[in-house]
Each structure stands twice: as structure tokens, then as C-alpha cells.
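Structure, as C-alpha cells:
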Amino acid sequence: MANGVLVIFDQNAGDIRHVVLEMLTVARSLGKGPVTALTFGTDAAKTLPKLAEYGADRAVFWESYTQYSSDGFSAAIAQSFPQFDADVILFPANAWGKDLSARLSEVLGAGLATDCLHLEAEASGRVKAIRPVYAGKALAEVVINTPVQMFSLRPNINAAEVHHVNPEVLDIAPSVDPATFQAVVVERKEAQTGTIELTEADIIVSGGRGMKAPENFQLLDALAAALGAAVGSSRPVADEGWVPHSYHIGQTGKVVSPTVYFAIGISGAIQHLAGISGSKYIVAVNNDPEAPIFKVANYGIVGDLFEVVPRLTEEIKAL
Ligand code: FAD
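Take a look at the structure:
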């Protein structure tokens with residue numbers, strides 16, 4: 006009976022996101038059968054050294070699938086699935102993983118727990134997931150009862166541990182022809198949040214309606230540059246067009262889990278907090294001492310952001 010773990014991820018020119026290394030570590034920690042890594046597109050095989058460093062026992066590269074297609078990729082994975090020797094499938098809980106895992110779950114008839122924080126193996130061999138519910142207000146323990154269990158993992162929560170192996174590269178070739186894919190991604194544009202993707206960022210400087218006007222985000226850009234941070238925002242400022250929608254963090258935006266999250270001129274509405282509850286430290290700058298953000302902040306500065314932020318930037322630059 007299949008008892009391995011299949012780790013499915015996207016790659017870009019051979020670069021792997023940090024969450025993939027976290028997924029490989031989690032996959033090994035389950036103590037099940039072989040950990041197989043599957044990725045797609047041009048330069049997929051260039052990911053092999055990283056897979057070897059972080060403990061993938063086996064690797065599969067489908068380089069001919071150059072354009073992402075959720076219907077095409079899920080059909081190909083489902084067709085080849087028996088050859089992967091897996092009863093657990095892991096995805097990153099990023100936009101790509103959310104899209105493909107949902108489709109694959111339907112095609113395989115497998116239960117899926119999304120945006121999980123932790124996974125652990127039960128004595129029965131099944132996997133228990135811990136995931137946030139009610140916009141992060143509570144944590145639920147989830148066990149999936151279908152023969153194949155699927156999970157997506159939130160980035161930046163689990164450690165990535167080096168575990169050197171010599172992966173076997175499997176020659177598994179699905180017969181699903183890319184020409185039959187119904188919908189493909191024809192162009193990919195990286196979001197303009199500096200050079201750091203928000204969901205992967207270690208430090209995030211985020212602005213809300215308290216910034217007053219789009220041009221004032223320059224203050225946050227300067228602070229972020231000093232810190233090596235990414236810039237994010239609350240939803241209303243993205244809706245207003247002050248910043249691109251890719252900045253929007255929260256229940257209906259990106260879920261982030263940095264080490265430090267700066268909430269600047271953000272009140273701390275429940276829908277915003279849903280996206281930042283995985284942050285290790287929250288630093289709030291707000292001129293209203295009663296702002297709800299101070300209830301969750303580890304450090305708070307009550308003051309006018311237009312005075313505080315430039316001073317903070319200067320102090321950090323001077324370090
Ligand atoms: P405000 O609530 O207006 O807060 C601005 C803050 O700036 C205030 O606390 C104020 O004291 C402070 N401030 C003002 N001037 C200064 C100054 N000079 N110096 C320092 N501080 C200052 N919101 C999200 O962010 N993400 C979501 O994903 C999201 N999803 C939603 C989904 C639904 C279904 C709904 C109904 C709402 C959602 N919202 C979301 C909106 C959310 O409810 C809040 O309205 C929003 O988060 C508030 O944004 P804000 O904190 O930027 O603005």
C-alpha cells in the first residue's frame with residue numbers, strides 16, 4: 006500500500022521558494038514512506054541540488070509542461086498518481102498551490118486541508134493537521150478520512166532543516182498532452198512589492214488608511230529599504246488604488262507570517278488581523294491609543310506616523 010509523501014511545488018528558473026524546503030522537512034518529519042518532489046516547467050531539473058540538500062528521496066521533473074494549467078496539471082498528476090507511491094500530498098499555501106490543490110483534490114476525490122500550520126503523524130499512520138479557523142481566532146485539528154490526504158502549508162511557519170540525500174530522478178511521464186489543456190497561464194508578471202514576495206518576507210512594513218495619501222507610501226518604502234523588508238497594506242488603501250492589489254494583506258488578501266510585521270496607520274480590524282496572526286512580532290504605530298492593533302502588538306508606538314516613521318528609518322540606517 007502506498008505510504009509516501011508527494012511534495013508538489015512551483016519553481017522559477019530553477020529557484021525554489023523557502024516554503025518548499027519547509028514542506029520537505031515536514032514531509033520527512035511524518036516518518037512515512039519515500040518523500041517524492043514533483044515540479045514543472047523549464048529548468049525544473051535545476052531544483053535537484055536543493056531537493057538533495059533538504060531530503061527529497063525522489064524527484065520528478067515535468068519540464069515539457071511549461072505553461073501552468075490547473076486542469077492540465079491536475080489531470081496529469083491524477084493519471085500518474087499510482088506511480089508516486091504516496092498517500093499524502095503537500096502543496097504550498099500560495100496562490101499557485103491553492104489553485105492546483107483545490108482542482109487536484111476534486112479530481113482525485115481526496116480531502117484537502119488548506120493553509121495548515123503544522124502536520125503530525127498519528128499512531129494510525131494518518132496525518133493530523135492544525136489550521137486556523139474563524140479568521141485566525143481559533144485553531145482546529147483536522148484529520149482527513151479519504152485514502153489520500155492532501156494539505157497545503159502556510160509559508161514561514163515550519164523550520165527548513167538540511168538533510169542530505171541523493172534523490173533518485175524518476176522517469177514518470179504522463180501522456181496528457183499540453184495541447185489539450187483547457188486553460189493555461191500565458192504570461193506571468195511578478196508583483197511589484199520591491200524584490201521580496203510578501204508571503205515569503207521576513208520583515209514587512211505595512212501601511213493603512215492612516216497614511217492619508219498614496220505619495221506618503223514613500224515613507225514606508227524608505228523604512229522597508231533600510232530594513233530589507235517588503236511593503237504591504239490594509240485592504241482599503243489597495244481598493245483606493247494607493248498601492249497595487251498585490252500589497253493587500255488580510256482575510257481577503259495575502260496571509261503573511263514574517264518575523265516582524267510593522268502595522269503603520271492600520272487600526273487592526275479583525276479582517277486585517279486574519280492575515281497577520283502568523284507574525285512572530287507585531288510593531289504598531291498609531292496615534293490612537295485605543296486602536297485595536299495595540300491589543301495584538303508586541304511593541305506599540307502611540308504617535309503621529311509622519312514623525313515616527315522618518316525617525317525610525319534614520320535610526321535603523323544609523324545602525
Ligand atoms: P482604518 O480602520 O481607517 O484605520 C486607520 C488607522 O490609522 C486608525 O487606527 C488611525 O488611528 C490611524 N491613523 C490615522 N492617522 C494617523 C497618523 N497620522 N499617525 C498614526 N496613525 C494614524 N481589511 C484588510 O486590511 N484586509 C482584508 O483582507 C480585509 N477583508 C475584508 C473582508 C470583508 C468581508 C470586510 C467586510 C472587510 C474587510 N477588510 C479588510 C476591511 C476591514 O474591516 C477594515 O475596514 C480595514 O482593515 C481598515 O483599514 P485601515 O486599518 O487601513 O483603516
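Heads up: the sequence shown runs through residues 6 to 324, numbered per this note's numbering.
Each residue gets a CB set at the ideal place from its N, CA and C atoms; glycine is no exception.
Legend entry - the stretch 165 to 181 / the stretch 125 to 134 touching (three or more Cβ pairs under 8 Å): Too few Cβ pairs lie closer than 8 Å, so no.
Legend entry - the ligand FAD site residues, beta-carbon cut 5 Å against heavy atoms: Cβ-based neighbours of the ligand FAD within the cut-off: G213, R214, G215, S239, R240, P241, G255, Q256, T257, G258, G270, I271, S272, A274, Q276, H277, N291, N292, D293, A296, D309, L310.
Inset, instruction - Measure the CB-CB distance between V261 and L203 and report whether it falls below 8 Å. - result: For the 8 Å CB-CB criterion, V261 and L203 form a contact.
Legend entry - S79 to K322 span [Cα, whole Å]: Near 48 Å, if we compare the C-alpha coordinates of K322 and S79.
Inset, instruction - Within 10 angstroms of the Cβ of T264, are there 16 or more other Cβ atoms? Answer buried if so, exposed if not. - result: A residue is called buried once 16 or more other Cβ atoms fall within 10 Å of its Cβ, and T264, having fewer, is exposed.
Legend entry - Identity of the residue in G9, L56, S75, F66 nearest V190 by Cα: Cα-wise, what sits closest to V190 is S75.
Legend entry - Inside the stretch 122 to 196 only - beta strand (DSSP E) runs reaching at least 3 residues: Listed in chain order, they are 123 to 126, 132 to 138, 143 to 148, 154 to 158.
Inset, instruction - Report the three-state DSSP secondary structure of K37 (helix, strand or coil). - result: K37 falls in the coil class under three-state DSSP.
Inset, instruction - Please name the residue in I271, V138, S157, A134 whose C-alpha comes closest to that of E146. - result: Looking from the CA of E146, the closest CA among I271, V138, S157, A134 belongs to A134.
Inset, instruction - Determine which residues share a DSSP beta bridge with Y252 and list them. - result: Per DSSP, none; premise fails for Y252.
Legend entry - Cβ-based neighbour list, F186, same chain, cut-off 6 Å, excluding 5 preceding and 5 following: The beta carbon of F186 is closer than 6 Å to those of S74, G77 in its chain, skipping five residues each way along the sequence.
Legend entry - Start and end residues, alpha helix (DSSP H) containing G77: That run of the alpha helix (DSSP H) goes 75 to 85.
Legend entry - Alpha-carbon spacing of R316 relative to A218, whole angstroms: Answer to the nearest angstrom: the Cα atoms are 20 Å apart.
Inset, instruction - State whether the stretch 242 to 259 contacts the stretch 287 to 299, with contact taken as three or more CB pairs (one from each stretch) at a distance under 8 Å. - result: By the criterion of at least three beta-carbon pairs nearer than 8 Å, the stretch 242 to 259 is not in contact with the stretch 287 to 299.
Inset, instruction - Confirm, please, whether the CB-CB distance from T151 to A115 is below 8 Å. - result: Less than 8 Å separates the beta-carbon of A115 from that of T151.
Inset, instruction - In the DSSP assignment, find the unbroken alpha helix (DSSP H) run with R63 in it and report its ends. - result: Premise fails: R63 lies in the beta strand (DSSP E), 63 to 67, not in any alpha helix (DSSP H).
Inset, instruction - Please classify G213: is it buried, with 16 or more other beta-carbons within 10 angstroms of its beta-carbon, or exposed? - result: Residue burial is scored here from C-beta neighbours: G213 has at least 16 other C-beta atoms within 10 angstroms and is therefore classed as buried.
Legend entry - Whole-angstrom distance between N291 and F222, CA atom to CA atom: Approximately 15 Å, taken between the alpha carbons.
Legend entry - Same chain only: Cβ atoms within 6 Å of N8, ignoring 5 sequence neighbours per side: So the list reads K37, G38, D92, once near-sequence residues are dropped.
Legend entry - Assumed close pair V12, L35 - CB separation to whole angstroms, cut-off 8 Å: That pair is no contact at about 11 Å.
Legend entry - Per DSSP, the bridge partner or partners of L11: Bridge partners of L11: T41, I94.
Inset, instruction - Starting from F89, trace the alpha helix (DSSP H) both ways and give me its first and last residue. - result: Neither: F89 is in no alpha helix (DSSP H) and is coded neither H nor E.
Inset, instruction - Note down the Cα distance separating H23 from F14, rounded to an integer number of angstroms. - result: Near 11 Å, if we compare the C-alpha coordinates of F14 and H23.
Inset, instruction - Express the C-alpha separation of M216 and V40 in angstroms, rounding to a whole number. - result: Between V40 and M216, the C-alpha separation is close to 47 Å.
Legend entry - Distance between S85 and L228 (C-alpha atoms, nearest Å): Using only the alpha carbons, I get a separation of about 48 Å.
Inset, instruction - Would you mind giving the Cβ-Cβ distance between G305 and A279, rounded to the nearest angstrom? I have them listed as a contact below 8 Å. - result: Rounded, the Cβ-Cβ distance is 20 Å, inconsistent with contact.
Inset, instruction - Could you tell me the distance, in whole angstroms, from the CA atom of A100 to the CA atom of G308? - result: Cα to Cα, A100 sits roughly 36 Å from G308.
Legend entry - Other residues of its chain near W286: CB distance less than 8 Å, five sequence neighbours each side excluded: The residue asked about is misnamed: residue 286 is Tyr in this sequence, not Trp. For Y286, where only same-chain residues beyond five positions count, the Cβ hits under 8 Å are T264, V265, Y266, N303, Y304.
Legend entry - Residue from L117, A230, P97 whose Cα sits closest to the Cα of V153: Measuring from the Cα of V153, the nearest candidate turns out to be L117.
Inset, instruction - Report the rounded CA-to-CA distance for A140 versus V148, giving the unit in angstroms. - result: Looking at the two C-alpha atoms, the distance is approximately 20 Å.
Legend entry - Euclidean distance between Cα positions of A49 and D90: A straight line joining the alpha-carbon of A49 with that of D90 spans about 21 Å.
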